[in-house]
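Worksheet: the structure to be examined is printed underneath.
2 protein chains.
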Amino acid sequence: MTPVNLSEKLSLFSSHWDPKVIADYNDNDVMVVKFQGAFPFHRHADTDDFFLVLSGEMRMAYPDRDPVTVRAGEVIVVPAGQVHRPEADAEVHVLLIEPKGEANTGDSTAPAAAKDRI
Amino acid sequence: MTPVNLSEKLSLFSSHWDPKVIADYNDNDVMVVKFQGAFPFHRHADTDDFFLVLSGEMRMAYPDRDPVTVRAGEVIVVPAGQVHRPEADAEVHVLLIEPKGEANTGDSTAPAAAKDRI
Chain U
5 MTPVNLSEKL
15 SLFSSHWDPK
25 VIADYNDNDV
35 MVVKFQGAFP
45 FHRHADTDDF
55 FLVLSGEMRM
65 AYPDRDPVTV
75 RAGEVIVVPA
85 GQVHRPEADA
95 EVHVLLIEPK
105 GEANTGDSTA
115 PAAAKDRI
Chain E
5 MTPVNLSEKL
15 SLFSSHWDPK
25 VIADYNDNDV
35 MVVKFQGAFP
45 FHRHADTDDF
55 FLVLSGEMRM
65 AYPDRDPVTV
75 RAGEVIVVPA
85 GQVHRPEADA
95 EVHVLLIEPK
105 GEANTGDSTA
115 PAAAKDRI
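Residue numbers (the working numbering), protein chains in the order written: chain U, 5 to 122; chain E, 5 to 122.
Shown next as structure tokens:
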């Protein structure tokens, strides 16, 4: 019940593709994350994937359709099962919501990043 | 999988305490809402209540503890069962996430606002 300032939390780390848990919503981790470059294609078999761009601009890329640009102040929800990857030419800051225990990489064979709490 | 611009969605209505669904995340409604004034005290027995202030400033008030100010760029999650009410001296814009079917008013006797989709 204490407000969490997202900019303050984002100032605490500089790593990319390394989400940090900043709040809990039911059985979900509410995270901030910095993206730069391209993540491996992956999917989450059993959950949607929620992204809100806080600053900067990213693309959500798909193997089977055109990428879409997602800018600051925009939400994109990738449905369960949809193969996707975030891409960012320059660093972008994102609010990310996923169920607790869900690997960043879904069912990909890429290693799951730890979800630290800050 | 289409990005949703929150400012554009907020420009489509002017009513207060009238959340509009702009996306779905698993079994949750992702909504934008405008607050001004004070909502009735209420609680959600079975779910947390997620708020991200997008612009402006609000207070989260509780009958049993001091209110907290929540500013633009800040998240507050009210735990399930906690009696609370949002208050705003001037209009504030908020991203709100609640499970589908949950009334704004939780188990309060106040009427539940409809959750329109825009």
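Backbone N, C-alpha and C fix where the C-beta goes; we use that ideal spot for every residue, glycine too.
Nothing here was measured: the structure is a model prediction, and the numbers come from that model.
- Message: Would you call the stretch 86-103 of chain U in contact with the stretch 39-51 of chain U, where contact means no fewer than 3 C-beta pairs closer than 8 angstroms?
- Response: Judged by Cβ distances under 8 angstroms, the stretch 86-103 of chain U makes contact with the stretch 39-51 of chain U, as three or more pairs qualify.
- Buried or exposed: T51/U, going by 16 or more other Cβ atoms within 10 Å of its Cβ? Within a 10 Å sphere around the beta-carbon of T51/U sit 16 or more other beta-carbons, which makes this residue buried.
- Among S15/E, L14/E, K38/E and E102/E, the one whose alpha carbon lies nearest that of A94/E: When only C-alpha atoms are compared, the closest one is K38/E.
- Message: Just to confirm my understanding: we take L56/E, look at its own chain, exclude 5 residues before and 5 after, and list those with CB closer than 6 angstroms. What are they?
- Response: If we look at L56/E and ignore the five residues flanking it on each side, its Cβ neighbours are V79 and L99.
- Task: Starting from L10/E, find everything on chain U with Cβ-Cβ shorter than 9 angstroms and list it in chain order.
- Result: In chain order: L56, G77, E78 and V79.
- Task: Can you say whether E12/E is buried or exposed, counting buried as having 16 or more other CB atoms within 10 angstroms of its CB?
- Result: It counts as exposed.
- For L16/E, does the count of other Cβ atoms within 10 angstroms reach 16, so buried, or fall short, so exposed? L16/E sits exposed, since fewer than 16 C-beta atoms from the chains shown fall within 10 Å of its C-beta.
- Item | K24/E - containing beta strand (DSSP E), residue span | Looking at the DSSP string, the run of the beta strand (DSSP E) that includes K24/E is K24 to Y29.
- Message: Looking only at its chain, what residues have a beta carbon closer than 8 angstroms to the beta carbon of Y29/E, apart from the 5 residues adjacent to it on each side?
- Response: Here the set comprises I101.
- Work out the CA separation of V36/E and Q40/U for me, nearest whole Å. So the alpha carbons of these two residues sit roughly 28 angstroms apart.
- Query: So, helix, strand or coil for S11/E, using DSSP?
  - Reply: S11/E: helix per DSSP, three-state reduction.
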